[in-house]
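What follows is a single structure, written as C-alpha coordinates, with notes after it.
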Amino acid sequence: MLEVIRQLGCLQLDPISVVAPSHLLVLWSRLGPYDRGVLDRLLWHDHALFEYWAHAASIVLTEDYPIHRVRMLRLRSNKGRWFPIGRSWLQANAGLRGYVLRELRRRGPLRSRDLEDRSEVEWRSSGWTSGRNVDRMLSMLWVRGEIMVAGRAGGQKLWDLGERVLPRTATQRQIDFHFTRADYPGLAGVLASLEREGRIVQVRITDAGRALAGRWFMHSDDLPLLEAIEGGEWQPRTALLSPFDNLICDRARTVALFAFDFRLEIYVPPDKRRHGYYVLSVLDGDRFIGRIDAAVDREKGRVAVHSLHTEPGVSKRELERAIETPLAELSAFVLATGPRSPARPSAARTSGSSR
540 MLEVIRQLGC LQLDPISVVA PSHLLVLWSR LGPYDRGVLD RLLWHDHALF
590 EYWAHAASIV LTEDYPIHRV RMLRLRSNKG RWFPIGRSWL QANAGLRGYV
640 LRELRRRGPL RSRDLEDRSE VEWRSSGWTS GRNVDRMLSM LWVRGEIMVA
690 GRAGGQKLWD LGERVLPRTA TQRQIDFHFT RADYPGLAGV LASLEREGRI
740 VQVRITDAGR ALAGRWFMHS DDLPLLEAIE GGEWQPRTAL LSPFDNLICD
790 RARTVALFAF DFRLEIYVPP DKRRHGYYVL SVLDGDRFIG RIDAAVDREK
840 GRVAVHSLHT EPGVSKRELE RAIETPLAEL SAFVLATGPR SPARPSAART
890 SGSSR
(Lines of atoms letter the chains of each structure in order from A; the text may use other names.)
(Lines give C-alpha, C1' and ligand atoms only; values in the text may rest on other atoms or scores of the structure.)
Protein backbone atom coordinates (compact mmCIF):
# COMPACT_ATOMS: atom_id res chain seq x y z
CA MET A 540 0.00 0.00 0.00
CA LEU A 541 2.74 2.44 0.92
CA GLU A 542 4.43 1.95 -2.45
CA VAL A 543 1.15 2.72 -4.25
CA ILE A 544 0.82 5.95 -2.25
CA ARG A 545 4.42 6.79 -3.15
CA GLN A 546 3.54 6.44 -6.82
CA LEU A 547 0.44 8.59 -6.38
CA GLY A 548 2.17 11.26 -4.30
CA CYS A 549 -0.89 11.94 -2.14
CA LEU A 550 -4.47 10.87 -1.45
CA GLN A 551 -6.98 13.70 -1.50
CA LEU A 552 -9.35 13.82 1.46
CA ASP A 553 -12.93 14.90 0.87
CA PRO A 554 -15.85 15.00 3.31
CA ILE A 555 -18.37 13.76 0.73
CA SER A 556 -18.77 9.99 1.04
CA VAL A 557 -21.64 8.92 -1.21
CA VAL A 558 -20.02 5.61 -2.14
CA ALA A 559 -17.04 5.60 0.24
CA PRO A 560 -14.43 8.16 1.32
CA SER A 561 -12.53 9.20 -1.79
CA HIS A 562 -9.07 8.28 -0.51
CA LEU A 563 -10.30 4.73 0.17
CA LEU A 564 -11.73 4.49 -3.36
CA VAL A 565 -8.47 5.68 -4.91
CA LEU A 566 -6.59 2.88 -3.16
CA TRP A 567 -9.28 0.31 -3.99
CA SER A 568 -9.10 1.18 -7.70
CA ARG A 569 -5.44 0.12 -7.65
CA LEU A 570 -5.24 -2.53 -4.94
CA GLY A 571 -8.64 -4.16 -5.05
CA PRO A 572 -10.03 -5.25 -1.66
CA TYR A 573 -7.67 -4.34 1.17
CA ASP A 574 -7.62 -4.01 4.94
CA ARG A 575 -8.33 -0.42 5.87
CA GLY A 576 -6.54 -1.06 9.13
CA VAL A 577 -3.28 -1.07 7.17
CA LEU A 578 -3.88 2.56 6.18
CA ASP A 579 -4.75 3.49 9.76
CA ARG A 580 -1.53 1.88 10.95
CA LEU A 581 0.56 3.72 8.35
CA LEU A 582 -1.04 6.99 9.47
CA TRP A 583 -1.36 6.81 13.23
CA HIS A 584 1.13 4.18 14.41
CA ASP A 585 3.96 3.89 11.89
CA HIS A 586 3.70 7.61 11.02
CA ALA A 587 4.68 6.80 7.44
CA LEU A 588 1.89 9.16 6.33
CA PHE A 589 0.30 12.34 7.66
CA GLU A 590 -2.47 14.75 6.76
CA TYR A 591 -1.56 18.06 5.16
CA TRP A 592 -2.40 20.38 2.28
CA ALA A 593 -1.17 19.21 -1.14
CA HIS A 594 -3.37 20.54 -3.96
CA ALA A 595 -6.16 20.06 -1.39
CA ALA A 596 -6.42 18.51 2.08
CA SER A 597 -4.66 15.17 1.59
CA ILE A 598 -2.81 12.23 3.06
CA VAL A 599 0.84 12.74 2.15
CA LEU A 600 4.10 10.86 2.69
CA THR A 601 6.12 11.48 5.83
CA GLU A 602 9.26 11.18 3.72
CA ASP A 603 8.00 14.28 1.88
CA TYR A 604 7.47 16.23 5.11
CA PRO A 605 10.65 18.27 4.59
CA ILE A 606 9.21 19.49 1.32
CA HIS A 607 5.82 20.40 2.76
CA ARG A 608 7.65 22.20 5.55
CA VAL A 609 8.74 24.78 3.00
CA ARG A 610 5.09 25.81 2.64
CA MET A 611 4.60 25.73 6.39
CA LEU A 612 7.49 28.12 6.97
CA ARG A 613 6.33 30.36 4.13
CA LEU A 614 2.91 30.65 5.75
CA ARG A 615 4.48 31.33 9.12
CA SER A 616 6.23 34.28 7.49
CA ASN A 617 2.77 35.56 6.52
CA LYS A 618 2.92 34.66 2.85
CA GLY A 619 0.20 32.68 1.15
CA ARG A 620 -3.39 32.69 0.09
CA TRP A 621 -4.86 33.39 3.55
CA PHE A 622 -2.83 36.55 4.00
CA PRO A 623 -3.08 39.50 4.67
CA ILE A 624 -6.62 38.72 5.91
CA GLY A 625 -5.38 35.68 7.79
CA ARG A 626 -2.42 37.58 9.23
CA SER A 627 -4.56 40.33 10.68
CA TRP A 628 -7.06 37.80 12.09
CA LEU A 629 -4.26 35.77 13.69
CA GLN A 630 -2.77 38.90 15.23
CA ALA A 631 -6.15 39.98 16.58
CA ASN A 632 -6.65 36.52 18.10
CA ALA A 633 -3.20 35.99 19.57
CA GLY A 634 -4.93 34.98 22.80
CA LEU A 635 -6.88 32.19 21.10
CA ARG A 636 -3.74 30.96 19.32
CA GLY A 637 -1.79 30.85 22.59
CA TYR A 638 -4.64 29.09 24.38
CA VAL A 639 -4.93 26.41 21.67
CA LEU A 640 -1.19 25.70 21.69
CA ARG A 641 -1.08 25.56 25.50
CA GLU A 642 -4.01 23.16 25.71
CA LEU A 643 -2.55 20.88 23.07
CA ARG A 644 0.78 20.83 24.88
CA ARG A 645 -0.95 20.08 28.17
CA ARG A 646 -3.77 17.73 27.09
CA GLY A 647 -3.25 16.86 23.43
CA PRO A 648 -4.27 15.30 21.21
CA LEU A 649 -7.68 17.03 21.27
CA ARG A 650 -10.74 17.47 19.07
CA SER A 651 -11.84 20.95 18.07
CA ARG A 652 -14.88 20.64 20.34
CA ASP A 653 -12.55 20.07 23.30
CA LEU A 654 -11.33 23.67 22.94
CA GLU A 655 -13.15 26.82 24.03
CA ASP A 656 -13.80 29.68 21.66
CA ARG A 657 -11.71 32.44 23.21
CA SER A 658 -11.53 34.56 20.07
CA GLU A 659 -11.63 38.33 20.30
CA VAL A 660 -12.43 38.89 16.63
CA GLU A 661 -14.82 36.58 14.79
CA TRP A 662 -13.74 35.00 11.52
CA ARG A 663 -15.84 36.40 8.69
CA SER A 664 -16.26 34.78 5.30
CA SER A 665 -18.94 34.29 2.68
CA GLY A 666 -18.64 30.51 3.07
CA TRP A 667 -19.44 27.86 5.65
CA THR A 668 -16.42 28.74 7.85
CA SER A 669 -17.87 32.09 8.96
CA GLY A 670 -17.99 32.28 12.75
CA ARG A 671 -16.23 28.94 13.29
CA ASN A 672 -13.33 30.53 15.08
CA VAL A 673 -11.72 27.50 16.73
CA ASP A 674 -11.90 25.47 13.51
CA ARG A 675 -10.40 28.35 11.54
CA MET A 676 -7.59 28.80 14.06
CA LEU A 677 -6.81 25.08 13.94
CA SER A 678 -6.73 25.17 10.13
CA MET A 679 -4.35 28.12 10.09
CA LEU A 680 -2.03 26.57 12.66
CA TRP A 681 -2.18 23.33 10.64
CA VAL A 682 -1.05 24.80 7.32
CA ARG A 683 1.70 26.66 9.20
CA GLY A 684 2.90 23.32 10.61
CA GLU A 685 2.44 24.40 14.22
CA ILE A 686 -0.08 21.62 14.80
CA MET A 687 -0.92 18.40 12.95
CA VAL A 688 -3.60 15.75 12.78
CA ALA A 689 -2.45 13.02 15.17
CA GLY A 690 -5.42 10.69 14.69
CA ARG A 691 -9.18 10.55 14.27
CA ALA A 692 -12.03 9.76 16.66
CA GLY A 693 -15.41 9.07 15.12
CA GLY A 694 -14.34 10.85 11.96
CA GLN A 695 -13.22 13.95 13.87
CA LYS A 696 -9.62 15.10 13.72
CA LEU A 697 -7.43 14.78 16.78
CA TRP A 698 -5.00 17.70 16.88
CA ASP A 699 -1.57 17.80 18.50
CA LEU A 700 1.59 19.89 18.35
CA GLY A 701 3.48 19.49 15.09
CA GLU A 702 6.78 19.00 16.89
CA ARG A 703 5.40 15.85 18.50
CA VAL A 704 4.62 14.26 15.18
CA LEU A 705 7.06 14.88 12.34
CA PRO A 706 10.25 16.91 12.85
CA ARG A 707 12.32 16.81 9.63
CA THR A 708 14.49 18.98 7.34
CA ALA A 709 14.95 19.05 3.55
CA THR A 710 17.45 20.19 0.94
CA GLN A 711 16.54 22.59 -1.84
CA ARG A 712 17.39 19.82 -4.34
CA GLN A 713 14.77 17.52 -2.85
CA ILE A 714 12.26 20.32 -3.03
CA ASP A 715 13.03 21.06 -6.68
CA PHE A 716 12.67 17.41 -7.67
CA HIS A 717 9.38 17.07 -5.84
CA PHE A 718 7.59 20.15 -7.11
CA THR A 719 7.62 19.44 -10.84
CA ARG A 720 4.26 21.04 -11.61
CA ALA A 721 3.50 23.86 -14.00
CA ASP A 722 2.27 26.28 -11.34
CA TYR A 723 5.53 26.33 -9.42
CA PRO A 724 8.00 29.17 -10.04
CA GLY A 725 11.25 28.27 -11.76
CA LEU A 726 9.82 25.05 -13.19
CA ALA A 727 11.48 25.39 -16.61
CA GLY A 728 14.93 25.66 -15.05
CA VAL A 729 14.27 22.77 -12.67
CA LEU A 730 13.11 20.53 -15.53
CA ALA A 731 16.16 21.42 -17.62
CA SER A 732 18.46 20.58 -14.72
CA LEU A 733 16.73 17.28 -13.98
CA GLU A 734 16.86 16.34 -17.66
CA ARG A 735 20.61 17.07 -17.82
CA GLU A 736 21.12 14.84 -14.81
CA GLY A 737 19.13 12.03 -16.41
CA ARG A 738 16.50 12.05 -13.66
CA ILE A 739 13.72 12.71 -16.17
CA VAL A 740 13.43 12.22 -19.93
CA GLN A 741 11.29 13.82 -22.61
CA VAL A 742 8.82 11.50 -24.30
CA ARG A 743 6.69 11.78 -27.41
CA ILE A 744 3.06 10.76 -27.05
CA THR A 745 1.21 9.81 -30.21
CA ASP A 746 -2.41 9.05 -30.92
CA ALA A 747 -3.25 7.48 -34.28
CA GLY A 748 0.13 8.62 -35.56
CA ARG A 749 -0.31 12.21 -34.40
CA ALA A 750 1.93 13.61 -31.66
CA LEU A 751 0.30 15.41 -28.76
CA ALA A 752 1.22 19.06 -28.46
CA GLY A 753 3.49 20.29 -25.69
CA ARG A 754 6.50 18.91 -23.87
CA TRP A 755 5.97 15.70 -21.92
CA PHE A 756 8.33 14.22 -19.33
CA MET A 757 8.55 11.02 -17.35
CA HIS A 758 10.83 9.80 -14.57
CA SER A 759 13.79 7.79 -15.82
CA ASP A 760 13.02 5.10 -13.25
CA ASP A 761 9.78 4.39 -15.12
CA LEU A 762 11.44 3.60 -18.47
CA PRO A 763 11.51 -0.18 -17.78
CA LEU A 764 7.78 -0.03 -17.09
CA LEU A 765 7.20 1.71 -20.42
CA GLU A 766 9.27 -0.93 -22.19
CA ALA A 767 7.29 -3.71 -20.48
CA ILE A 768 4.02 -2.16 -21.62
CA GLU A 769 5.28 -1.85 -25.19
CA GLY A 770 6.42 -5.49 -24.97
CA GLY A 771 2.87 -6.65 -24.26
CA GLU A 772 3.32 -7.41 -20.55
CA TRP A 773 0.55 -5.08 -19.44
CA GLN A 774 -2.79 -6.74 -18.62
CA PRO A 775 -5.67 -4.27 -19.06
CA ARG A 776 -8.65 -4.28 -16.71
CA THR A 777 -11.66 -2.11 -15.90
CA ALA A 778 -11.43 0.32 -12.98
CA LEU A 779 -13.97 2.65 -11.38
CA LEU A 780 -12.40 5.96 -10.35
CA SER A 781 -13.39 8.36 -7.59
CA PRO A 782 -14.32 11.90 -8.71
CA PHE A 783 -11.14 12.99 -6.91
CA ASP A 784 -8.85 10.28 -8.31
CA ASN A 785 -5.25 11.33 -8.96
CA LEU A 786 -5.42 10.18 -12.58
CA ILE A 787 -8.12 12.71 -13.46
CA CYS A 788 -7.46 15.54 -10.98
CA ASP A 789 -5.52 17.45 -13.67
CA ARG A 790 -8.43 18.10 -16.02
CA ALA A 791 -6.34 19.54 -18.87
CA ARG A 792 -3.98 16.56 -18.85
CA THR A 793 -6.90 14.12 -18.78
CA VAL A 794 -8.38 15.75 -21.88
CA ALA A 795 -5.01 15.75 -23.66
CA LEU A 796 -4.16 12.12 -22.87
CA PHE A 797 -7.58 10.47 -22.95
CA ALA A 798 -9.92 12.93 -24.71
CA PHE A 799 -12.00 12.61 -21.54
CA ASP A 800 -13.45 15.79 -20.08
CA PHE A 801 -14.40 15.12 -16.47
CA ARG A 802 -16.13 17.81 -14.43
CA LEU A 803 -17.22 17.70 -10.82
CA GLU A 804 -20.97 18.30 -10.59
CA ILE A 805 -21.38 17.90 -6.84
CA TYR A 806 -21.87 21.66 -6.44
CA VAL A 807 -23.87 22.09 -9.64
CA PRO A 808 -27.65 22.59 -9.23
CA PRO A 809 -29.42 19.24 -9.84
CA ASP A 810 -31.31 20.47 -12.90
CA LYS A 811 -28.06 21.54 -14.56
CA ARG A 812 -26.03 18.37 -14.01
CA ARG A 813 -25.13 16.37 -17.10
CA HIS A 814 -24.00 13.15 -15.46
CA GLY A 815 -24.99 13.18 -11.79
CA TYR A 816 -24.00 14.05 -8.24
CA TYR A 817 -21.24 11.54 -7.44
CA VAL A 818 -19.87 10.23 -10.71
CA LEU A 819 -17.38 7.37 -11.00
CA SER A 820 -15.36 7.39 -14.22
CA VAL A 821 -15.01 4.03 -15.97
CA LEU A 822 -11.48 3.33 -17.20
CA ASP A 823 -11.37 0.26 -19.43
CA GLY A 824 -7.76 -0.58 -20.15
CA ASP A 825 -6.27 2.65 -21.47
CA ARG A 826 -9.52 4.40 -22.46
CA PHE A 827 -12.45 5.91 -20.65
CA ILE A 828 -15.70 4.33 -21.81
CA GLY A 829 -18.26 5.97 -19.55
CA ARG A 830 -19.42 7.36 -16.22
CA ILE A 831 -21.83 6.11 -13.59
CA ASP A 832 -23.75 8.15 -11.04
CA ALA A 833 -23.54 5.89 -7.99
CA ALA A 834 -24.34 5.72 -4.28
CA VAL A 835 -24.08 3.03 -1.63
CA ASP A 836 -27.39 1.42 -0.64
CA ARG A 837 -26.73 -0.41 2.62
CA GLU A 838 -30.29 -1.69 2.95
CA LYS A 839 -30.02 -3.53 -0.36
CA GLY A 840 -26.38 -4.39 0.21
CA ARG A 841 -24.93 -2.89 -2.94
CA VAL A 842 -23.63 0.18 -4.69
CA ALA A 843 -26.62 1.46 -6.65
CA VAL A 844 -26.23 3.03 -10.08
CA HIS A 845 -28.64 5.90 -10.68
CA SER A 846 -27.60 6.50 -14.28
CA LEU A 847 -25.13 5.36 -16.95
CA HIS A 848 -23.40 7.65 -19.43
CA THR A 849 -21.34 6.28 -22.30
CA GLU A 850 -18.48 7.90 -24.15
CA PRO A 851 -18.66 8.33 -27.96
CA GLY A 852 -18.44 5.01 -29.78
CA VAL A 853 -19.39 2.95 -26.71
CA SER A 854 -22.75 1.20 -26.43
CA LYS A 855 -24.77 1.00 -23.24
CA ARG A 856 -24.46 -2.80 -23.30
CA GLU A 857 -20.67 -2.60 -23.59
CA LEU A 858 -20.52 -0.29 -20.59
CA GLU A 859 -22.85 -2.51 -18.56
CA ARG A 860 -20.73 -5.59 -19.26
CA ALA A 861 -17.52 -3.74 -18.39
CA ILE A 862 -18.71 -2.52 -14.99
CA GLU A 863 -20.52 -5.67 -13.87
CA THR A 864 -17.57 -7.30 -12.08
CA PRO A 865 -15.86 -4.17 -10.68
CA LEU A 866 -19.22 -2.87 -9.43
CA ALA A 867 -19.86 -6.12 -7.55
CA GLU A 868 -16.34 -5.99 -6.11
CA LEU A 869 -16.81 -2.36 -5.09
CA SER A 870 -20.10 -3.21 -3.36
CA ALA A 871 -18.41 -5.98 -1.38
CA PHE A 872 -15.54 -3.70 -0.39
CA VAL A 873 -17.70 -0.75 0.65
CA LEU A 874 -20.10 -2.88 2.66
CA ALA A 875 -17.23 -4.76 4.30
CA THR A 876 -15.51 -1.57 5.43
CA GLY A 877 -18.72 0.03 6.68
CA PRO A 878 -18.72 2.48 9.60
CA ARG A 879 -15.39 2.51 11.37
CA SER A 880 -14.35 2.48 14.99
CA PRO A 881 -12.22 5.48 15.99
CA ALA A 882 -8.66 5.59 14.70
CA ARG A 883 -6.46 6.96 17.44
CA PRO A 884 -2.76 7.79 17.49
CA SER A 885 -0.25 5.43 19.03
CA ALA A 886 0.82 6.08 22.58
CA ALA A 887 4.41 6.74 21.54
CA ARG A 888 4.83 10.12 19.84
CA THR A 889 7.47 10.15 17.12
CA SER A 890 8.71 12.65 14.70
CA GLY A 891 -20.28 11.19 -23.14
CA SER A 892 -23.55 10.96 -23.97
CA SER A 893 -26.42 9.35 -22.08
CA ARG A 894 -27.88 6.23 -23.60
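This note's numbering numbers the first residue of the sequence shown as 540 and each following residue consecutively.
Glycine included, C-beta positions come from ideal geometry on N, C-alpha and C.
Rounded Cβ spacing between residue 693 and residue 611 (contact assumed at less than 8 angstroms): Actually they do not touch by this definition, with Cβ atoms about 27 angstroms apart.
CA nearest to the CA of residue 676, picked from 695, 790, 559, 640: 640
For residue 871 and residue 572, believed in contact at Cβ under 8 angstroms, the rounded distance: Their Cβ separation, rounded to whole angstroms, is 7 angstroms, which keeps residue 572 and residue 871 in contact under 8 angstroms.
Given 8 angstroms, three or more beta-carbon pairs between the stretch 550-562 and the stretch 805-825: yes
DSSP-derived helix/strand/coil call for residue 884: A caution first: residue 884 carries a pLDDT of 47, below 50, which makes its placement in the model too unreliable to give a value.
Beta-carbon gap between residue 780 and residue 822 smaller than 8 angstroms: yes
Reference residue 845; option with closest CA among 654, 831, 838: 831
Boundaries of the alpha helix (DSSP H) in which residue 731 is found, first to last residue: Membership of residue 731 in the alpha helix (DSSP H) is indicated by the continuous run 726-735.
Pair within 8 angstroms by beta-carbon distance, residue 550 and residue 606: Not closer than 8 angstroms, so no.
Under the three-state DSSP convention, the category residue 696 falls into: strand
Among 828, 750, 766, 749, the one whose alpha carbon lies nearest that of residue 778: 828
Selected residue, minimal CA-CA separation from residue 637, among 596, 680, 739, 650: 680
Every unbroken alpha helix (DSSP H) inside the stretch 744-809 [4 residues or more]: Listed in chain order, they are 762-769, 790-797.
Assigned exposure category for residue 892 - 16 Cβ within 10 Å defines buried: With a pLDDT of 48 at residue 892, under the threshold of 50, the modelled position of this residue cannot be trusted, and the question is left open.
Contacts around residue 896, its chain only, beta-carbon distance under 6 angstroms, and the 5 residues preceding and following it disregarded: Not covered by the structure: residue 896. The range shown for the chain is 540 to 894.
Proximity of residue 614 and residue 682 at Cβ, strictly below 8 angstroms: yes
Exposure of residue 648, with buried meaning 16 or more beta-carbon neighbours within 10 Å: buried
8 angstroms Cβ cutoff met for residue 775 and residue 825: It is a contact, given that the beta carbons lie within the stated cut-off.
Identified DSSP bridge partners for residue 592: 596
Classification of residue 848 by the beta-carbon crowding that lies within 10 angstroms, buried from 16 upward: buried
Residue 773 classed as buried or exposed, judged by whether at least 16 other C-beta atoms fall within 10 angstroms: Result: exposed.
Which of helix, strand or coil DSSP assigns to residue 862: helix
Identity of the residue in 758, 771, 769, 754 nearest residue 796 by Cα: 754
Extent of the continuous beta strand (DSSP E) run through residue 660: That residue, residue 660, is in no beta strand (DSSP E); it is neither H nor E in DSSP.
Residue 740 beta carbon less than 8 angstroms from that of residue 757: yes
Euclidean distance between Cα positions of residue 542 and residue 794: For residue 542 and residue 794, the distance between alpha carbons rounds to 27 angstroms.
Counted within 10 angstroms of its Cβ, other Cβ atoms place residue 625 as buried (16 or more) or exposed: buried
Proximal residues to residue 737 (C-beta, below 8 angstroms), its chain only, five neighbours per side dropped: Annotation for residue 737: 759 place their beta carbon closer than 8 angstroms to its own, counting only its chain and skipping 5 residues before and after.
Residue 836, DSSP secondary structure in three states: Three-state result, residue 836: strand.
Within 8 angstroms, strictly: CB atoms of residue 785 and residue 565: yes
Limits of the beta strand (DSSP E) - the one that residue 550 falls within: 549-551
Bounding residues of the beta strand (DSSP E) (the contiguous stretch that carries residue 818): 818-823
Local conformation of residue 651 per DSSP, three classes: Helix at residue 651.
Residue 574 versus 544, 546, 540, residue with shortest Cα-Cα distance: Checked all of 544, 546, 540; the closest Cα to residue 574 is 540.
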